[in-house]
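Asks:
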Amino acid sequence: HQELRDTCASCAAQPEDPESGRMDGDFLEAVKRHILSRLQLRDRPNITHPVPKAAMVTALRKLHAGKLREDGRVEIPNLDGHPMSNEVLEESSEIISFAEKDDLVMSKSSLFFLISNEGNQNLQVTRATLWLYFKLLLPIVEPRGRRKVMVKVYYQEPGFGSKWDLVEKRVELRRSGWHTFTLTSAVRLAFETGTDRRQNLDIRCEGCETEGVVPVLLDLSDESHRPFLVVRARQAEGQHRIRKR
Amino acid sequence: GLECDGSNDLCCRQRFYIDFRLIGWNDWIIAPSGYFGNYCEGSCPAYMAGVPGSASSFHTAVVNQYRMRGMSPGSMNSCCIPTKLSMMSMLYFDDEYNIVKRDVPNMIVDECGCA
Chain A
1 HQELRDTCAS CAAQPEDPES GRMDGDFLEA VKRHILSRLQ LRDRPNITHP VPKAAMVTAL
61 RKLHAGKLRE DGRVEIPNLD GHPMSNEVLE ESSEIISFAE KDDLVMSKSS LFFLISNEGN
121 QNLQVTRATL WLYFKLLLPI VEPRGRRKVM VKVYYQEPGF GSKWDLVEKR VELRRSGWHT
181 FTLTSAVRLA FETGTDRRQN LDIRCEGCET EGVVPVLLDL SDESHRPFLV VRARQAEGQH
241 RIRKR
Chain B
246 GLECDGSNDL CCRQRFYIDF RLIGWNDWII APSGYFGNYC EGSCPAYMAG VPGSASSFHT
306 AVVNQYRMRG MSPGSMNSCC IPTKLSMMSM LYFDDEYNIV KRDVPNMIVD ECGCA
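Protein chains in written order, with our numbering: chain A, 1 to 245; chain B, 246 to 360.
Okay, structure coming up:
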């Protein structure tokens, strides 16, 4: 066997027996490198002040992120509640980005998202959904039982001082709750420029004041209702990739 | 595929679990709480050629038929390698405190065989 072992690469590199607890540091480093390289990360992220737990729990619970078995094999249901078709399964990313406030911008209705590009790989956005929470200030008493408002989400195209586009949606509210707005083209635009993607938004609501409705933007006393953006992306394919079935 | 149980040194799968807490990665990885970094080890002697299920591919099965008849086309050392891999989903924070969900294919070694 010795001669066999010498000639076969995968037989030779044998880390010490993990059962005996004497874990070979190099082997552990190799596994760490392996995990980071499969996630296309150069190094492990440096987490100094993670997202407030309340916001994270709400987002994950809202998006049906299921429980993972220990070995990570059970699929986490996709984050934005839409069934994921098979061909994207193998190389897909889903990114939840939480709204942040630009201290230099006085307007209360403006916020931005910083969506990383996942280790500088060229990601192709397949869907982007903005989640906003609307609070009803007064209980609904009249028989029609619904409030109708027009929500306008302005998004700025990439680049300083560039123009703003608009996504608007009529929202009917029976109670306080979350509502979604599709921003796929906005986020796709943001991804097509530079490495760190910043997406500036300005949220307006026609009829909210008269109807006693408040969109929760960045309210530090209400972290669990912080707006968040769910981006589903996949590895952009080479222009002429031949698909083999 | 065989599971390594120390009873022989034939090609088998060594289970190996890393708890992310023990390596200080549980602050940025939300789920799962650990990773099965299983690997393959062991030798692939000639008589393994005939063992059903030990060939890692049809090509290997055909070459094994030659080996069992004492004919050796080309260099005949075969290696113990993964023959079945499965995907792993991970939920983690990235540098901008986004929560990312990745489905990483071929991340966990399920079975090993000789090739």
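Here a beta-carbon is modelled for each residue, glycine too, at the ideal position from N, C-alpha and C.
Considering Cα atoms alone, identify which of A/E168, A/S162, A/V171 is closest to A/L189.
Replies: For the purposes of this step, residue 189 of chain A is taken as the residue at position 189 of the first sequence. The candidate whose alpha carbon is nearest that of A/L189 is A/S162.
Asks: Inspect the beta-carbon positions of B/G287 and B/C257 and report whether they are closer than 7 Å.
Replies: Against the second sequence, residue 287 of chain B aligns to sequence position 42. Against the second sequence, residue 257 of chain B aligns to sequence position 12. Yes. Within cutoff.
Asks: B/N309: which of B/P327, B/I326, B/N343, B/C289 sits nearest, CA to CA?
Replies: The residue given as residue 309 of chain B occupies position 64 in the second sequence. Comparing Cα positions, the closest option is B/C289.
Asks: Are there 16 or more other CB atoms within 10 angstroms of the CB of A/D43, so buried, or fewer, so exposed?
Replies: Counting from one through the first sequence, the residue named residue 43 of chain A turns up at place 43. Result: exposed.
Asks: Determine whether the beta carbon atoms of A/S109 and A/I203 lie at a separation below 7 Å.
Replies: For the purposes of this step, residue 109 of chain A is identified with residue 109 of the first sequence, where counting begins at 1. For the purposes of this step, residue 203 of chain A is identified with residue 203 of the first sequence, where counting begins at 1. It is a contact, given that the beta carbons lie within the stated cut-off.
Asks: Quick test of your reading: A/P158 and A/T193, contact by CB under 8 Å. State the CB separation rounded to the nearest angstrom.
Replies: Within the first sequence, the letter at position 158 stands for residue 158 of chain A. Within the first sequence, the letter at position 193 stands for residue 193 of chain A. That pair is a contact at about 4 Å.
Asks: How long is the line joining the alpha carbons of A/K152 and A/E206, rounded to whole angstroms?
Replies: Here residue 152 of chain A is taken as the residue at index 152 of the first sequence, counted from 1. Here residue 206 of chain A is taken as the residue at index 206 of the first sequence, counted from 1. Looking at the two C-alpha atoms, the distance is approximately 8 Å.
Asks: CB A/Q199 to CB A/F134, shorter than 7 Å?
Replies: The residue given as residue 199 of chain A occupies position 199 in the first sequence. The residue given as residue 134 of chain A occupies position 134 in the first sequence. Going by C-beta atoms, A/Q199 is not nearer than 7 Å to A/F134.
Asks: Could you tell me whether the Cβ of A/V51 comes closer than 7 Å to any Cβ of chain B?
Replies: Within the first sequence, the letter at position 51 stands for residue 51 of chain A. A/V51 counts as touching chain B.
Asks: What is the residue span of the alpha helix (DSSP H) that B/D254 lies within?
Replies: Position 9 of the second sequence, counted from the start, is the residue given in the question as residue 254 of chain B. It is not in any alpha helix (DSSP H) - B/D254 carries neither H nor E in the DSSP assignment.
Asks: Using a threshold of 7 Å, state whether the C-beta atoms of A/L111 and A/L218 are closer than that.
Replies: Working through the first sequence from its first residue, we reach residue 111 of chain A at position 111. Working through the first sequence from its first residue, we reach residue 218 of chain A at position 218. Contact: yes.
Asks: Helix, strand or coil: which one does DSSP assign to A/G25?
Replies: Indexing the first sequence from 1 puts residue 25 of chain A at position 25. Residue state, collapsed to three classes: helix.
Asks: At 8 Å on the CB atoms, spell out the chain B contacts of A/R44, in chain order.
Replies: In the first sequence, counting from the first residue as 1, residue 44 of chain A sits at position 44. Result: W270, W273.
Asks: Using the beta-carbon of each residue, which ones in chain B are nearer than 9 Å to A/K32?
Replies: What you label residue 32 of chain A is simply residue 32 of the first sequence in a count that begins at 1. Here the neighbours are I263, I268, W270.
Asks: Where does B/N351 land, buried or exposed, given buried means 16+ other C-beta within 10 angstroms?
Replies: What you label residue 351 of chain B is simply residue 106 of the second sequence in a count that begins at 1. By the neighbour-count rule (16 or more Cβ atoms within 10 Å), B/N351 is not buried but exposed.
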